[in-house]
Each structure stands twice: as structure tokens, then as C-alpha cells.
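See structure below.
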Amino acid sequence: MNEMTDQLEVIGHQKVVSIEDLPEVVFEYILSQLSPYRQLIDCKLVSKSWRLCVIETIKKLKRDFVHNLSNQLIQWSHFSPQSGPSISPRYSHSACCLGDSMYVFGGCTIANTTFNDLWRFDLSTRTWIRPIATGTFPSPKACASLVDYNNHLVLFGGWTHSSPYPIHQEWRIFNHIHLFDTITDRWSLVVPNSYCPAIAGHSASIVGHHMIVFGGLQSAANNPLPFFSSNDIWVLDLQDFVWHKQSASNPKPFARYGHSQVVIDDRHILIIGGSGGPNMLFSDIWMLCIPEDKSLEWVWKPIEVMNKDSTTAPQISFHPTCKVSNLLVVLSASQKARSLQCKDGNILRKPSVRSQYVSPKDTNDKNAMAVNTESQASNEVPIASTSGCSSPQTSGAINMRPLSRRNRQRQLEGLDRMEQRIRQLKTNTFSPLAVRSSTVKSDIEAPQNPMQLFVLDLSQVIDRNVVKWIHKSNFISDGPEEVILYSLVAGRAEIIMFGGLQKDKNMKQNQTEGGVNDIPDIVSNHLHIITAKKCII
1 MNEMTDQLEV IGHQKVVSIE DLPEVVFEYI LSQLSPYRQL IDCKLVSKSW RLCVIETIKK
61 LKRDFVHNLS NQLIQWSHFS PQSGPSISPR YSHSACCLGD SMYVFGGCTI ANTTFNDLWR
121 FDLSTRTWIR PIATGTFPSP KACASLVDYN NHLVLFGGWT HSSPYPIHQE WRIFNHIHLF
181 DTITDRWSLV VPNSYCPAIA GHSASIVGHH MIVFGGLQSA ANNPLPFFSS NDIWVLDLQD
241 FVWHKQSASN PKPFARYGHS QVVIDDRHIL IIGGSGGPNM LFSDIWMLCI PEDKSLEWVW
301 KPIEVMNKDS TTAPQISFHP TCKVSNLLVV LSASQKARSL QCKDGNILRK PSVRSQYVSP
361 KDTNDKNAMA VNTESQASNE VPIASTSGCS SPQTSGAINM RPLSRRNRQR QLEGLDRMEQ
421 RIRQLKTNTF SPLAVRSSTV KSDIEAPQNP MQLFVLDLSQ VIDRNVVKWI HKSNFISDGP
481 EEVILYSLVA GRAEIIMFGG LQKDKNMKQN QTEGGVNDIP DIVSNHLHII TAKKCII
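Numbering (full-length UniProt numbering), first residue to last: 1 to 537.
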């Protein structure tokens, strides 16, 4: 009896073990398995010790992601469209991350329809949400810039058709500024206090309280061409909404559109790649230096690019870039696949267009308008914004008879593709958010030319004006089939890729009257996320 009493006393005095008694490294590992967005942030509210652990976990996630990017130790997660209302397939759209959300605006379909809808992808739950927006909506357009500033999205520029009629219409380029309040879900049109030309296919970044815009296509009444590429720098004061054209030293980058723009710090901005027109694809990099003294001229510096061999440097035209710490990430196909595409040449031609009236198709919001056009290949390259864009027609009459035959051909191909996809949907069931790994067979065929990760080291760009492509060693990608004109943004310890345009190599090639093989296009609404490979302790 006494022995039993002694045992009960020992048990009664045993310390209660909790999760906080785990070794710190184990506790941080458990926290790292949570979503780096809402779930991990909510854990900071538990206690002071949890808050400190969460802060260290977030820092470690970012460090590990940068390390794994530079060593190609990554994994892809592929998200198919969810059941029910979801974002439409598109390319040449605008995208940016704000908090735990990625916002996507506008873009084009395979028929060059331009949209003015705004979607939000919740990075915590991995679901698409259509905000119930109010206010003054932007016009349907593509190739606009979208940046975040003070809980607002700043939408600038872009292009679309002015109206469904007349048939032989000109494209319209915008200089409108719209703000979207992410708290109240309200659009507002801003009327600036000074002039800025209409621009599309440009790039934009936020530095302090200013939006810095470079390049793009512009339209001018005194120019013989409807549109011309530019290397101008325009700066918008986001407090007073005053534009001014910023002067900069020579030499300057060639006039271009379809380039990428990344901020190194408040005094340095990089301009990467782009296109100057037909058969003018750039792979150069320039750094714009902003002096502290506002009265001084800004300075352009050409950047030396090292390791530009065929196995290390990617094709950066029509492929947006994304900055993660001191690394610049580009997604592109292998050199072999790119050489085949360049020989085909069809993917590097911009469409000439004929308008056809259609009523707005979006039933979720009467303010979501669309302008439908049909395209025909010509011999010029498309425009690509930071998220990509296809080019407006600049000149030339349309041969109606070949166009009508080709349009009929494209309609039949579209119906055939739609029939095939309906059959696939009947034989496959999707969860609300179907995730496929590289080892699990899905409704999408294994890519023939998967997109690969290319990483540019920016650590010496300010001190030595040098950047270097990091060599890949026996890296096998499980990325999606190569697309162009997609969006690429950085989240918390991950990179999000959405949409884009690709050639459907499974479909029958058609010979056009010009002797060019026309491979049907596929527009995607699939989303792909790159994260660091998971480790086990």
C-alpha cells in the first residue's frame, strides 16, 4: 500500500511535457512545414517564445530558398484549374504579389481577346478568388504594368482595340493610371497633374514614393509610324501624381519593349533583355544609377555578363525575370528546344488582326468586358512586357481571302481542341485544387521540352558592374512545357508562375500559303510554384 502511494506521488509530480520542450531545431522544423503566409504568421500570436521562433523560421526559409536556387535544389508544384469559377486562360497579363496574395489583371486569350478582370490567388489556401470590385474599372487591355504601393495596386499603360468597329481598326495604347485599394476592393482612375505618353510593353518599379517606367511602345501624332519603341525614363510621384521625363547619361540602352526591370536597391535598377523590333532580340543588361542629389543626371552603365555559353545562359526574350535576394531567376526551355523554335520562327511573329464583335462573356461581373479579335501571322516579333505581351499591328493591308481561309482553319482547330479537352474532362475528375507532382501522372502530358531554371548572380553588379550565370550541373527539370508571355513573381520562399502561351505540338501542323508551318497555340491558366526541396532532420 505504501509502495503504491509512493508511485502515485512520483507520477503526480512529473512535469507536463509540451511542444515548447522540444529542441529548438526540431520546433523550427515543425514550423517550417506550415504555409509561410497566414498559418505561420498566426503562430506568432501564441506567445513571445513562439513569435521569436517564427521570425527565425521565416529567416531560415528565405536563406534555404536562396541557397537551393543557386544549387538547383528545387521542386515544382503544379496546380490545375479548380472546379467552379476560376480564372480564364490568358497571356500578356499583369501580375504582382502583395502580402499573402498574388493579383492578376487583364491579358489576352488565344483569339487576342483583352480582359479587364482582376483575380486574386490566395497563397495560403492556394485558391483563386474574384474580388467583388467597385469604382471606375480600367479598360480591357494587356501589356500593362502592375505594381504595389501602400496597400494599393498601381495599373499603368497597356493596349487594346479602341472599339469593335470599324473592321480595319487601329490598336489603342493607354496612359491611364488606375489604383486598386486591396482593403476596400475599389478601383479609382487617377488624373495626373502632368503629361505622360501612352505606353505599352514597358516595365515599371516602385522606388520610395515614385514609380519609375522605362521603355515600351509609344504612339505619337508627329511620328510616321503608329507605334515606335522607346528608351525614355518616366517618373511618377505617387504622392502628388506628377509625371516628369528623367534625363540620363549616354550611352543608353537601345529602345526596346518586352524587357524586365528589377530593383537592386533605392539607387540601382536593372534592365534585362527585350526586343527592339523585328529580328532584334536583346540579351544585354543595363544598370540605371540614381544619384542621391536630385539635381544630378541619372547614369546608365552597361553590365558585363559572364558565363554566356550555350548551356548556362537562357533565352530571356519573352521570358520575364524574378529577383530573389541577390539572384535573378529566369525560366526557359533547353537550348535544343529553343533552336528548334527559332528555326520554326512562327512563335516569334506578331499577329495582324481583324476585329469581330462579340458581347462580353464574363457572367460573374458585368464590368468585365472583352474585345475579340482574330489573328494572322506576319513577319514581326511580338511585344512582351515584364509579364509578356503580343504586338499590335503597325502597318499593312489585309488580304481578306487568305485570311478568311486561315481563320476558318483556326476555328476548326479550336473546336477540335475543345472536343478533345471535353473528353479528357469526362475521363478525369479534379479536386477543387488538383496538385500534381512530377512523379504522379495527371491530365497533362509529360512535357517534351520542360522549362528549366536559370539563375543569374547579382552579388557583384553594384561594385564591379558584373553579373554571372550560375552553371548547371546535370540538372533535370520537372517543370511544365515551355511557354512565353507568362507572369513570374516572388512570394515568401517561393516563385509563382502563371499562364502563358505555348505551341501545341501534339496537334497537326498546317501549311500556310506562305509556306510556314502553323502550329496551333495553347493558352494556359495553370499555375506552377517553385520551392526549395524539402529536407528531413
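All residues carry an ideal CB built from backbone N, CA and C; glycine is no exception.
Note that this is a predicted model, so its numbers are computed, not measured.
Of the listed residues the options, nearest to residue i (C-alpha basis)
i           : options            : result
residue 134 : 123, 146, 186      : 186
residue 328 : 114, 69, 290       : 69
residue 477 : 449, 268, 146, 140 : 449
residue 128 : 502, 156, 87       : 87
residue 531 : 537, 463, 468, 453 : 453
residue 228 : 211, 250, 173, 177 : 173
residue 96  : 139, 61, 206, 291  : 206
residue 98  : 181, 289, 75       : 181
residue 213 : 191, 171, 262, 189 : 262
residue 277 : 217, 177, 100, 33  : 217
residue 470 : 52, 67, 139        : 67
residue 108 : 26, 91, 74, 196    : 91
residue 502 : 447, 305, 72       : 447
residue 326 : 110, 65, 78        : 65
residue 288 : 303, 118, 279, 282 : 303
residue 459 : 492, 324, 528      : 324
residue 147 : 270, 93, 211       : 211
residue 36  : 124, 285, 198, 104 : 124
residue 271 : 160, 50, 467, 56   : 467
residue 492 : 119, 50, 39, 149   : 39
residue 159 : 197, 79, 191       : 197
residue 215 : 53, 246, 32        : 246
residue 522 : 486, 320, 239, 274 : 486
residue 118 : 318, 280, 130      : 130
Buried or exposed (CB count within 10 angstroms, at least 16 for buried), residue i
i           : result
residue 85  : exposed
residue 209 : exposed
residue 535 : exposed
residue 315 : buried
residue 524 : buried
residue 309 : exposed
residue 259 : buried
residue 266 : exposed
residue 112 : buried
residue 257 : buried
residue 332 : buried
residue 494 : buried
residue 382 : Residue placement at residue 382 is poorly supported in this model, since its pLDDT is 40, which falls under 50; the coordinates are not used for a value here.
residue 330 : buried
residue 21  : exposed
residue 435 : A caution first: residue 435 carries a pLDDT of 37, below 50, which makes its placement in the model too unreliable to give a value.
residue 19  : exposed
residue 239 : exposed
Assigned secondary structure, residue i (DSSP; H/G/I helix, E/B strand, else coil)
i           : result
residue 22  : coil
residue 486 : coil
residue 290 : coil
residue 32  : helix
residue 67  : helix
residue 61  : helix
residue 186 : strand
residue 437 : The predicted model places residue 437 with a pLDDT of 36, which falls under 50 and marks its position as unreliable; any figure quoted below should be read in that light. Three-state DSSP puts residue 437 in coil, outside helix and strand.
residue 254 : coil
residue 48  : helix
residue 386 : Bear in mind that the predicted position of residue 386 carries a pLDDT of just 41, short of 50, making it unreliable; the figure below should be weighed with that in mind. Looking at residue 386 - three-state DSSP - the assignment turns out to be coil, as it is neither helix nor strand.
residue 43  : helix
residue 90  : coil
residue 126 : coil
residue 27  : helix
residue 53  : helix
residue 16  : coil
residue 492 : coil
Minimum Cβ-Cβ distance from residue i to chain C less than 8 Å
i           : result
residue 291 : Among the chains of the structure shown, chain C does not appear; only one protein chain is present.
Residues bridged to residue i [DSSP beta-bridge criterion]
i           : result
residue 450 : 481
residue 528 : 78, 497
residue 218 : 199, 228
residue 322 : 329
residue 301 : 287
residue 267 : DSSP lists no partner for residue 267.
residue 460 : Paired residue(s): none; residue 460 is not in a bridge.
residue 135 : 187
residue 261 : 271
residue 466 : 304
residue 145 : 156
residue 96  : 103
Notebook entry, point to check: Between the region 284-295 and the region 478-496, do three or more beta carbon pairs fall short of 8 Å?
Noted result: no
Next item on the list: Count the C-beta pairs between the region 229-238 and the region 192-207 that are closer than 8 Å, then say yes if the count reaches three, no if not.
Entry: yes
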